[in-house]
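These notes are about the structure you will find just below.
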Amino acid sequence: MIRIAVANQKGGVGKTTSAINLATALAATGKRVLLIDLDPQGNASTGLGITQAQRTSSSYNVLVDQAPIAQGVVASGIPRLDILPATVDLSGAEIELVELDQRTHRLHRALDAAPARWDITLIDCPPSLGLLTMNAMVAADSLLVPLQCEFFALEGLSQLLTTVERIRARFNPSLSIIGVALTMYDRRNRLTEQVSADVRAVLGRVVFDTVIPRNVRLSEAPSHGLPALIYDHRCSGSQAYITLARELIARLPQVAEVAA
Numbered sequence: 026m027i028r029i030a031v032a033n034q035k036g037g038v039g040k041t042t043s044a045i046n047l048a049t050a051l052a053a054t055g056k057r058v059l060l061i062d063l064d065p066q067g068n069a070s071t072g073l074g075i076t077q078a079q080r081t082s083s084s085y086n087v088l089v090d091q092a093p094i095a096q097g098v099v100a101s102g103i104p105r106l107d108i109l110p111a112t113v114d115l116s117g118a119e120i121e122l123v124e125l126d127q128r129t130h131r132l133h134r135a136l137d138a139a140p141a142r143w144d145i146t147l148i149d150c151p152p153s154l155g156l157l158t159m160n161a162m163v164a165a166d167s168l169l170v171p172l173q174c175e176f177f178a179l180e181g182l183s184q185l186l187t188t189v190e191r192i193r194a195r196f197n198p199s200l201s202i203i204g205v206a207l208t209m210y211d212r213r214n215r216l217t218e219q220v221s222a223d224v225r226a227v228l229g230r231v232v233f234d235t236v237i238p239r240n241v242r243l244s245e246a247p248s249h250g251l252p253a254l255i256y257d258h259r260c261s262g263s264q265a266y267i268t269l270a271r272e273l274i275a276r277l278p279q280v281a282e283v284a285a
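Mapped onto my numbering, the consecutive letters of the sequence shown carry residue numbers 26 to 285.
Structure representation (structure tokens):
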């Protein structure tokens with residue numbers, strides 16, 4: 026099972042939107058996908074229409090109580106896409122984890138013990154670099170970084186890369202960055218074009234060719250409890266995520282072989 030953490034310590038960059046829609050696009054290609062909601066806001070869970078009543082066990086229980094992942098997994102209603110939802114309890118997990126053994130490795134251990142039901146796991150991280158995100162990075166094979174095309178984009182990315190190096194040095198030496206996805210892209214805005222050029226100059230081929238445009242349908246979809254790909258598969262945002270999923274699969278040769 027391939028494990029990808031979707032992470033950026035800055036909020037409002039399209040992280041959860043990317044996690045939901047990439048998970049949906051990957052499932053549409055025939056992959057069995059597990060989306061883990063590690064954000065206390067629970068937006069990935071809500072964005073897939075998971076009600077509070079369905080969240081009988083959650084990512085909080087996996088991390089703090091060491092509950093099995095399978096116990097909390099909920100079918101999303103989308104073929105081949107399951108989710109381990111988040112609840113409000115997760116907001117206190119950072120404090121509780123400090124006192125627990127193996128506080129940075131709890132998700133890693135839970136995934137190791139999980140049944141082999143999924144080809145790919147996507148982990149939606151909170152907009153911070155605390156113990157929840159650390160658990161995701163320790164558990165993951167790679168990171169996918171959504172990056173909003175704004176003035177401070179590279180500054181925020183620098184902080185994230187520093188954290189990645191620390192995780193590699195202490196906990197997960199094989200952690201890699203599978204790609205950086207430019208989000209909220211507006212071709213009419215000169216700043217957007219400049220930020221894109223700067224990010225590509227610094228990071229090179231790690232930046233995906235596909236950019237995710239600003240698109241009102243992407244913003245509307247979560248309020249309907251649907252991924253944008255289901256809400257309006259023809260909109261520019263949905264089409265961009267479909268293309269991005271193809272790029273992502275191409276960077277994962279072992280997944281591409283399974284699909285062949």
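Backbone N, C-alpha and C fix where the C-beta goes; we use that ideal spot for every residue, glycine too. Just so it is clear, the structure is predicted and the values come from calculations on it, not from any experiment.
query, result
"Residue environment, Asp126, which counts as buried when at least 16 other CB atoms sit within 10 Å", "exposed"
"Whole-number beta carbon distance between Ile202 and Val170, since they are thought to touch under 8 Å", "6 Å"
"Same chain, Cβ closer than 7 Å to Ile75, neighbours up to 5 away in sequence not counted", "Val99, Ile108, Pro110"
"Counterpart residues of Ser70 in DSSP-defined beta bridges", "Bridge partners of Ser70: none, in fact."
"N-terminal and C-terminal residue of the beta strand (DSSP E) that Ile61 is part of", "58 to 62"
"Start-end ranges of the beta strand (DSSP E) lying completely within the region 90 to 146, minimum 3 residues", "106 to 109"
"Whether Leu185 touches Asn33 by CB criterion (9 Å)", "yes"
"Cut-off 6 Å between Cβ atoms - residues of its own chain near Lys56, not counting five sequence neighbours on either side", "Asp144, Ile145"
"Close-in-space but distant-in-sequence residues of the same chain around Ala44 (CB under 7 Å, 5 per side omitted)", "Val31, Leu60, Ala69, Leu147, Asp149"
"Cβ neighbour criterion (16 or more within 10 Å) applied to Gln173", "buried"
"Anticipated Cβ contact below 8 Å, Val87 with Leu47, distance rounded", "The Cβ separation is near 22 Å, so there is no contact."
"Bounding residues of the alpha helix (DSSP H) (the contiguous stretch that carries Gln219)", "215 to 228"
"Where Ser83 falls: helix, strand or coil (DSSP)", "coil"
"Local conformation of Met26 per DSSP, three classes", "coil"
"Residue closest to Lys35, alpha-carbon to alpha-carbon, out of Ala178, Ile120, Val189", "Ala178"
"Assumed close pair Ile103, Thr158 - CB separation to whole angstroms, cut-off 8 Å", "Not confirmed; about 26 Å, so no contact."
"Rounded separation between Ala226 and Gly250 - CA only", "37 Å"
"At least three beta-carbon pairs within less than 8 Å, the region 191 to 199 to the region 160 to 168", "yes"
"Sub-9 Å separation of Gln217 and Thr268 beta-carbons", "Here residue 217 is Thr; the residue named in the question, Gln, does not match the sequence. Going by C-beta atoms, Thr217 is not nearer than 9 Å to Thr268."
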